[in-house]
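Working notes, structure below.
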Amino acid sequence: MASQKNVPPPWHRQLHCVCVQYRPGVAVDPQGRLPHDPMAGAGTIEASPTEILDGLCHCPRHRERKGMIRMIGAWTRRLLRPVLGGPDASLQRMIFRAYRRALPISLEQGLENPVLPPGYARRLPERVVELLLARLSYAPGKKVLDVGHAYIMECHRKLLASLPEPRHLTGVDIAEPTYDTRPLYERSLKSDITGTKLPDNSFDLIWCVSTLEHLGMDNSGYTASFATGSHMAAQAIREMVRLAGPGGHVLISVPFGKFEDHGWFINLDWERWQSLL
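Next up, the structure:
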């Protein structure tokens, strides 16, 4: 009778079918071996059941199952779209949920030393960090100017609606807002931030979230009335500092790293950022 000692266990014989025995939260390596596989290496990756089906399963039976799952998912999204919205609406909900998750612990530490939960903002756009910084800079009763409010995202509007009362928010933009601003802002001003006619020290806090990089660029996608020029970003910063005054604060966020000119916005590098200050 043959010895059973060297017969590989079922999970070892099914390296390409780990989806049938996969449990959420179990780590697998890139070859699909489960963590108790004696041949598995030290490095592991976390994967969802969908990622297992998409990336590791290649046998005919599970290719068919993978196709069925994709078809069911597509039809489910199509049926729920009138209620939940399209892909962008789903992304907005994900951003706001992530922001709400980080808010309690971040409020304890404050703006100077924010603490983020492990894995925060993974696979999400930078707005999830910008919203958190905006909220940490806010306090009830502060007079706040929101620069570039006409086209803000749904997650930004949810942030504004969730701010503790009393809220004294003013929005300013060269374009007409794409939504009803009255539930969120006390005032909505159509003006160029490079030269408003507002008095000095008008605000305690000024937000300029992902807006400065558009100043002086091609804004035809937002409005037909706009000016261009490389000087406009620095001019806008000077104007915001004037409006905030000695005791005020200005929060500016921009895409940063390697310089890139995309026509309607720029990605700033260190040298160009320093030239604005």
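Residue numbers for the sequence shown follow the working numbering, so the first one is 180 and each next one is one higher. Every residue, glycine too, gets a C-beta built ideally from N, C-alpha and C.
For H428, the closest C-alpha among the options F438, K437, R417 is that of R417. Between L455 and V433, the CB-CB gap reaches or exceeds 7 Å. Under DSSP, L348 shares a beta bridge with V323. With fewer than 16 other CB atoms across the displayed protein chains lying within 10 angstroms of its CB, S370 is exposed. Under the three-state reduction of DSSP, H410 is assigned to coil, being neither helix nor strand.
Judged by DSSP secondary structure, K369 falls within the beta strand (DSSP E) whose first and last residues are 366–369. Taking 7 Å as the cut-off, the Cβ atoms of M419 and I385 count as close. The Cβ-Cβ distance between G395 and G408 falls below 7 Å.
Fewer than three beta-carbon pairs drawn from the stretch 318–333 and the stretch 288–300 are found closer than 8 Å, and the two stretches are therefore not classed as touching.
Scanning its chain for C-beta atoms nearer than 8 Å, with the 5 sequence neighbours on each side dropped, one finds around A268 the residues E333, in chain order.
If the five residues before and after S316 are omitted, its C-beta is found closer than 8 Å to the C-beta atoms of L290, L384, W386, H428, L430, all from its own chain and listed in chain order.
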